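Engineer:
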Amino acid sequence: MATMSRLVIRVAMVGLVLPFAGWLLRSAPSSVPGRHFWPLLIVAGVLVLAGLYVWAVHRRHGSAGVVDRWARKSRKHSGVASTWSILRTSSAWAMRRKAKTLRPSLRQLTFWQRLAVKPINYATPLARVGWQRIWSSCEDVTLRVGGPRTGKSGELAGRILDAPGAVIATSTRTDLIELTGPCRSRRGPLYVFNPSGVGGLASTIVFDPLAGCDDPATATARAADLLAGAAAPGGAGGDREFWAGQARRVLTALMHAAALGGAGMRDVLGWVADPDTASADVRRYLKRSCQPAFDADAAQFLGTNERTRSSICSTIMPALGWLTDATASAAAGIDQASAAEVGEGPAEFDVPALLAQGGTVYLLGAEDGQTAPLVCALTGHIARQARRLAALNPGGRLDPPLTLALDEAALICPVPLDNWTADMGGRGVTIHIAVQSRAQLRQRWGDTGAAAILNNAATLLVYGGMRDPDDLAAYSTLAGERDEQVATYDPQGNLTGTSHRRVPVLSPAQIAQLPAGQVLIVRRGMPAAIGRVQMAWKRRDVRRTARADRWAPRLNALAELAADGSRWTVTAARQGSAWAAPRLAQLAAYATSRTAGRPDKTTRPVLEEGSTDAI
Numbered sequence: 004m005a006t007m008s009r010l011v012i013r014v015a016m017v018g019l020v021l022p023f024a025g026w027l028l029r030s031a032p033s034s035v036p037g038r039h040f041w042p043l044l045i046v047a048g049v050l051v052l053a054g055l056y057v058w059a060v061h062r063r064h065g066s067a068g069v070v071d072r073w074a075r076k077s078r079k080h081s082g083v084a085s086t087w088s089i090l091r092t093s094s095a096w097a098m099r100r101k102a103k104t105l106r107p108s109l110r111q112l113t114f115w116q117r118l119a120v121k122p123i124n125y126a127t128p129l130a131r132v133g134w135q136r137i138w139s140s141c142e143d144v145t146l147r148v149g150g151p152r153t154g155k156s157g158e159l160a161g162r163i164l165d166a167p168g169a170v171i172a173t174s175t176r177t178d179l180i181e182l183t184g185p186c187r188s189r190r191g192p193l194y195v196f197n198p199s200g201v202g203g204l205a206s207t208i209v210f211d212p213l214a215g216c217d218d219p220a221t222a223t224a225r226a227a228d229l230l231a232g233a234a235a236p237g238g239a240g241g242d243r244e245f246w247a248g249q250a251r252r253v254l255t256a257l258m259h260a261a262a263l264g265g266a267g268m269r270d271v272l273g274w275v276a277d278p279d280t281a282s283a284d285v286r287r288y289l290k291r292s293c294q295p296a297f298d299a300d301a302a303q304f305l306g307t308n309e310r311t312r313s314s315i316c317s318t319i320m321p322a323l324g325w326l327t328d329a330t331a332s333a334a335a336g337i338d339q340a341s342a343a344e345v346g347e348g349p350a351e352f353d354v355p356a357l358l359a360q361g362g363t364v365y366l367l368g369a370e371d372g373q374t375a376p377l378v379c380a381l382t383g384h385i386a387r388q389a390r391r392l393a394a395l396n397p398g399g400r401l402d403p404p405l406t407l408a409l410d411e412a413a414l415i416c417p418v419p420l421d422n423w424t425a426d427m428g429g430r431g432v433t434i435h436i437a438v439q440s441r442a443q444l445r446q447r448w449g450d451t452g453a454a455a456i457l458n459n460a461a462t463l464l465v466y467g468g469m470r471d472p473d474d475l476a477a478y479s480t481l482a483g484e485r486d487e488q489v490a491t492y493d494p495q496g497n498l499t500g501t502s503h504r505r506v507p508v509l510s511p512a513q514i515a516q517l518p519a520g521q522v523l524i525v526r527r528g529m530p531a532a533i534g535r536v537q538m539a540w541k542r543r544d545v546r547r548t549a550r551a552d553r554w555a556p557r558l559n560a561l562a563e564l565a566a567d568g569s570r571w572t573v574t575a576a577r578q579g580s581a582w583a584a585p586r587l588a589q590l591a592a593y594a595t596s597r598t599a600g601r602p603d604k605t606t607r608p609v610l611e612e613g614s615t616d617a618i
């Protein structure tokens, strides 16, 4: 390397000396030998410098040059992201460069008008590295991995608050509603879908899984969502995939028949429980379908042998288990008496209105998984409607984007994230995922699905406190390696030499010991970094809203007290006037009477003429 550097310096010196020599010859007298060669010297020098420049550019952008440059940066910055790396890939200015793509409506603005638009309208801040913020655009998928009570939900709540458009938020607790609801209510309406009755909150919307299933495509997607929510963890494969496909085909036909015949989900459950009794009704309803294939699927299912039919029904039953829960049935609009308790809502949730109003839907589910199919069906319905509407917009994107904040995604909302994370970003749907570990991802979506989700996530936030050696080793590998200088000492403690060795940027133990509030950031196109995330309850807007809500009853009480005081003052004044008026009148009369009976001392008496008393 040193030899190459010396050679480059010598060639550059030759390229500079030759034009200088040509310039000297040009200025020399004509009698100087070789003066007529001065143009050749200048041209030769320019050619040498041009060749050196071409060689340097080729070397810099070649594979060897890129690797050498990475190695130098790694040694210079200890393997972590530099200030320039963050500015180039993840800063607010980096997001501004893509603003016209992220929000097609901004294309109508001039450069200076776009410059005035805040980045929060098309990106969200994830963490802070020193004085810089790490931003993620609205087309990128973010994945946060951390154990319980490490701050995932608190950071995810910030993404809900920053969302410029509609939000779909899932959780197993009510803390997200309590934390983000007051602020989000100022942007649009709030909806709660709580089929599990978590926290005693009542559902404010009703979603019937049969809504729209008279359309064959909708019935197919709805059946797939219900079965995905009830699928046993571990991914598909072998016999499981076969029976899942058969169950999906049969449940699609039954739901399509129920929608065409005006039946309900309880009827579908009865058909699955007793196919022989349901045969006539199902075949009669499917005669009304525009797709004859559904009738053929139902006929094959109803006419197959008992063993095969029993296996298919056993696969379908978990997807309909929520029908035994009164709260879930009411949330689906099945029990009309119970539905009145949770509030009236449309049978088919109005997704276009939700997107237009910038509303927020909170999907709550218990960890037992019984209501997961219903939550999964509603989430899938909203996402597919959003995808359909995005195709009608300029650029094929929703503007403003729809945000999916999936807390504990593997527990309550097992939608096909391996496919969604690859497709939804380009349609204006932002996905933020929170899980507890890679093992949880593999358990729910299988090895292939978990790998796809990890690969599709543009930003990975790793929280401390994990203890799985395999996970920690994988994150350490993603963080990369760096050169570490090793000093050698003699027995007397004197330095005898130094050497370099390759070590991980962050060891597994260091990742496991990350303090609360700090995360390992692995972002696409940027070296790893250690950042600090902000909990939503520490944000100014949340504290301001909480303070206003906290003082509202006190101010109302003070206002009522002031009103009572004002009324008391008026009443007291009236009573005082009524009491004082007669007494003042009596006093005035008494004073008048005394004045009338008393002689006036200021008037001299008039004496009669001739009176001697006047002398």
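Each residue of the sequence shown is one higher than the last, beginning at 4 in my numbering. Note that CB positions come from ideal geometry on N, CA and C, so glycine has one too. Quantities reported herein were computed from a predicted structural model and do not represent experimental measurements.
Closest by CA to Leu358, which one among Thr595, Thr424 and Arg391?
Structural biologist: The shortest Cα separation from Leu358 among Thr595, Thr424 and Arg391 belongs to Arg391.
Engineer: Buried or exposed: which applies to Leu164, given that a residue is buried once 16 or more other Cβ atoms fall within 10 Å of its Cβ?
Structural biologist: Looking at its Cβ environment, which holds 16 or more other Cβ atoms inside 10 Å, Leu164 is buried.
Engineer: By the DSSP assignment, the beta strand (DSSP E) with Asp493 in it spans what residues?
Structural biologist: Asp493 -> no beta strand (DSSP E), and no H or E assigned at all.
Engineer: Since Asp143 is in the beta strand (DSSP E), which residue starts that stretch and which ends it?
Structural biologist: Counting along the chain, Asp143 falls outside any beta strand (DSSP E), and DSSP gives it neither H nor E.
Engineer: With Arg117 as the anchor, note down where its alpha helix (DSSP H) starts and where it stops.
Structural biologist: Element bounds for Arg117: Phe114 to Ala119.
Engineer: Would you give the residue range spanned by the alpha helix (DSSP H) that Arg286 belongs to?
Structural biologist: Where Arg286 is concerned, the enclosing alpha helix (DSSP H) stretches over Pro278 to Leu289.
Engineer: Work out the CA separation of Gly150 and Gln537 for me, nearest whole Å.
Structural biologist: Cα-Cα distance, rounded: 17 Å.
Engineer: Within its chain, find whatever has a CB closer than 6 Å to the CB of Leu28; leave out the 5 residues flanking it on each side and keep chain order.
Structural biologist: For Leu28, where only same-chain residues beyond five positions count, the Cβ hits under 6 Å are Arg38 and Trp41.
Engineer: Using DSSP with H/G/I as helix, E/B as strand and the rest coil, what is Ala340?
Structural biologist: Residue confidence for Ala340 is low, a pLDDT of 41 falling below 50, so the modelled location carries little weight; the figure read from the coordinates is stated next. Helix at Ala340.
Engineer: What residues in its chain sit with their C-beta under 7 Å from that of Gly282, if we drop five residues either side in the sequence?
Structural biologist: A quick correction: the sequence has Ser, not Gly, at residue 282. Within the same chain, Ser282 has close Cβ partners Leu305.
Engineer: Can you give the Cα-Cα distance for Ser88 and Leu21, rounded to whole angstroms?
Structural biologist: About 39 Å.
Engineer: If you follow the beta strand (DSSP E) that Tyr365 is part of, which residue opens it and which one closes it?
Structural biologist: Here the beta strand (DSSP E) through Tyr365 covers Thr363 to Leu367.
Engineer: Name, in chain order, the residues that DSSP records as bridge partners for Phe23.
Structural biologist: Partner(s): none; Phe23 has no beta bridge.
Engineer: Using the beta-carbon count (16 or more within 10 Å), is Thr501 buried or exposed?
Structural biologist: Answer is exposed; the Cβ neighbour count stays below 16.
Engineer: By DSSP's criteria, Ala172 is part of a beta bridge. Which residues make up the other side?
Structural biologist: BP columns for Ala172 point to Tyr365 and Ala408.
Engineer: Taking 8 Å as the limit between beta carbons, can you name the residues of its chain near Ala31, skipping five residues before and five after?
Structural biologist: Result list for Ala31: Arg38, in chain order.
Engineer: Do the stretch 461-476 and the stretch 133-152 touch if we need at least three Cβ pairs shorter than 8 Å?
Structural biologist: They touch, by the three-pair rule.
Engineer: Do you know whose CA, among Gly431, Gly452, Arg312 and Ala531, lies nearest Arg441's CA?
Structural biologist: Per the Cα distances, Gly452.
Engineer: Could you check what DSSP says for Asp567 in three-state terms: helix, strand or coil?
Structural biologist: Three-state result, Asp567: helix.
Engineer: Looking at the unbroken beta strand (DSSP E) that takes in Met529, where does it start and where does it end?
Structural biologist: Element bounds for Met529: Met529 to Arg535.
Engineer: On the three-state DSSP scale, how would you describe Val345?
Structural biologist: For Val345, the pLDDT reaches just 44, beneath the cut-off of 50, and the residue's location in the model is therefore unreliable, although a value from the coordinates is still provided. Note: Val345 maps to helix in three-state DSSP.
Engineer: Please classify Tyr593: does DSSP put it in a helix, a strand, or coil?
Structural biologist: DSSP places Tyr593 in helix when its eight states are reduced to three.
Engineer: So is Tyr125 buried or exposed if we call it buried at 16+ other beta carbons inside 10 Å?
Structural biologist: Per the 10 Å Cβ criterion, buried.
Engineer: How far does the beta strand (DSSP E) with Val49 in it reach, from first residue to last?
Structural biologist: No beta strand (DSSP E) holds Val49; the alpha helix (DSSP H) holding it covers Trp41 to His64.
Engineer: Enumerate in chain order the residues of its own chain whose CB-to-CB distance from Leu272 is below 7 Å, with the five nearest sequence positions on each side excluded.
Structural biologist: If we look at Leu272 and ignore the five residues flanking it on each side, its Cβ neighbours are Leu323 and Leu326.
Engineer: Leaving out five residues on either side along the sequence, give the residues of the same chain with a beta carbon under 7 Å from the beta carbon of Arg269.
Structural biologist: The residues are Leu326 and Ile337.
Engineer: Where DSSP assigns a beta bridge to Ala437, which residues make up the other side?
Structural biologist: Arg147 and Asp410.
Engineer: Can you have a look at Arg251 and say buried or exposed, based on whether 16 or more other CB atoms are within 10 angstroms of its CB?
Structural biologist: That one is buried.
Engineer: Ends of the alpha helix (DSSP H) at Thr462?
Structural biologist: From DSSP, Thr462 is part of no alpha helix (DSSP H) but of the beta strand (DSSP E) over Thr462 to Tyr466.
Engineer: Pop quiz: Lys103 and Ser140 are said to be a contact at Cβ under 8 Å. What is the actual Cβ separation, rounded to whole angstroms?
Structural biologist: Contact doesn't hold; Cβ gap of about 12 Å is too wide.
Engineer: Please tell me whether Ala276 has its Cβ less than 8 Å away from any Cβ of chain D.
Structural biologist: Among the chains in the structure shown there is no chain D, since it carries only a single protein chain.
Engineer: Check whether the stretch 409-419 touches the stretch 110-118, taking contact to mean three or more Cβ pairs, one atom from each stretch, closer than 8 Å.
Structural biologist: Taking 8 Å as the limit for Cβ pairs, the verdict is that the stretch 110-118 does not touch the stretch 409-419.
Engineer: For Trp540, which of Gln135, Gly168, His64 and Pro185 has the nearest alpha-carbon?
Structural biologist: Looking at the Cα atoms, Pro185 is the closest of the given residues.
Engineer: Label Met98 either buried or exposed according to how many other C-beta atoms from any shown protein chain fall within 10 Å of its C-beta, with 16 as the threshold for buried.
Structural biologist: It counts as buried.
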